[in-house]
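Numbering-wise (my numbering), the sequence shown opens with residue 68 and increments by one.
Written below as structure tokens is the structure these notes are about.
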Amino acid sequence: MYERDQLTGVWNERSVKAQITGKMHGGGTLFLCDIHRLQRINDQLGHLAGDECLKQMAQILGYMIRKNDILGRIGGDEFVVFMPDCRDEQRAEEISGRIEARFHSNRKKGLRETEFSVTSAYTLRRKGDTCQTMMERAGEELSRKKSESLLGGG
68 MYERDQLTGV
78 WNERSVKAQI
88 TGKMHGGGTL
98 FLCDIHRLQR
108 INDQLGHLAG
118 DECLKQMAQI
128 LGYMIRKNDI
138 LGRIGGDEFV
148 VFMPDCRDEQ
158 RAEEISGRIE
168 ARFHSNRKKG
178 LRETEFSVTS
188 AYTLRRKGDT
198 CQTMMERAGE
208 ELSRKKSESL
218 LGGG
């Protein structure tokens, strides 16, 4: 039985990994998406503001995917999207760019405005991959991109 993340309504970590494992045999691309500075938002504006960022991220990513794609929350500020029909490096790069662009200047209206951005990294399925190896490879790329962003002042 698949379960949803209580806060965001997307699949929880265990459920999303099981679904990806079931769909990855024909190929596909796994995207990891991470909210920048969520801890700072929580510290400065409160956890309700941070929760709103997480909910908004889940909702927007949900609008950006197709019916056959899988979306889940795998950590505090990390989401995973698996697109079984995306099997091309150029297309994966374009999708990753669109995800980042959509959140680049995102604002949540309310008593206070909360601006947040997202880093997205991806990996195409390789022969012999498991869900875990894909997540590890995408996680390494995500860490590299975030480090570059911090060094570049982003």
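The beta carbon of each residue, even a glycine, is placed where N, CA and C say it ideally should be.
Given the structure is predicted, the values throughout are model-derived calculations rather than measurements.
Next item on the list: Report yes or no: do the stretch 119-139 and the stretch 187-196 share at least 3 C-beta pairs separated by less than 8 Å?
Entry: no
Margin query: Tell me which residues share the same chain as Met201 and place their Cβ nearer than 6 Å to its Cβ, disregarding the 5 neighbours each side in the sequence.
Written below: Translated into the one-based positions of the sequence shown, residue 201 becomes position 134. Leu97 and Thr190, listed in sequence order.
Checklist line | Other residues of its chain near Asn109: CB distance less than 8 Å, five sequence neighbours each side excluded | finding: Within the sequence shown, the letter at position 42 stands for residue 109. Ala116 and Gly117.
Notebook entry, point to check: Under 9 Å between the Cβ atoms of Ile127 and Phe170?
Noted result: The count along the sequence shown starts at 1 and reaches residue 127 at position 60. The count along the sequence shown starts at 1 and reaches residue 170 at position 103. For Ile127 and Phe170, yes; Cβs fall inside 9 Å.
Next item on the list: Please report the Cβ distance between Cys198 and Phe146, rounded to the nearest whole angstrom; I am assuming they are in contact, meaning their Cβ atoms lie under 8 Å.
Entry: Looking up residue 198 in the sequence shown gives position 131. Looking up residue 146 in the sequence shown gives position 79. That pair is no contact at about 15 Å.
Margin query: Going by DSSP in three states, Ser187 sits in which element: helix, strand or coil?
Written below: Along the sequence shown, one-based indexing puts residue 187 at 120. Reduced to three states, the DSSP call for Ser187 is strand.
Checklist line | Helix, strand or coil at Ile102 [DSSP, three-state] | finding: Position 35 of the sequence shown, counting from 1, holds the residue named residue 102. DSSP places Ile102 in strand when its eight states are reduced to three.
Checklist line | Cβ neighbour criterion (16 or more within 10 Å) applied to Ser214 | finding: Your numbering for residue 214 matches position 147 in the sequence shown. That one is exposed.
Check: If you draw a straight line from the C-alpha of Arg179 to the C-alpha of Gln111, how long is it?
Finding: Residue mapping note: residue 179 aligns to position 112 of the sequence shown, counting from 1. Residue mapping note: residue 111 aligns to position 44 of the sequence shown, counting from 1. At Arg179, the pLDDT of 48 sits below 50, so the modelled position is not reliable and the matter cannot be decided from this model.
Notebook entry, point to check: By a C-beta neighbour count over all protein chains shown, 10 Å radius and 16 as the cutoff for buried, is Ala159 buried or exposed?
Noted result: Stepping through the sequence shown from its first residue, residue 159 is reached at position 92. Buried.
Margin query: Can you tell me whether Met68 is helix, strand or coil according to DSSP?
Written below: In the sequence shown, residue 68 corresponds to position 1, counting from 1. Coil at Met68, not helix or strand.
Next item on the list: Please classify Tyr194: is it buried, with 16 or more other beta-carbons within 10 angstroms of its beta-carbon, or exposed?
Entry: To locate residue 194, count along the sequence shown from 1; it is residue 127. Here residue 194 is Lys; the residue named in the question, Tyr, does not match the sequence. Exposed, by the Cβ-count rule.
Next item on the list: Check whether the Cβ atoms of Lys90 and Phe149 lie closer than 9 Å to each other.
Entry: Numbered from 1 along the sequence shown, position 23 holds the residue referred to as residue 90. Numbered from 1 along the sequence shown, position 82 holds the residue referred to as residue 149. Yes, Cβ-Cβ distance for Lys90 and Phe149 is below 9 Å.
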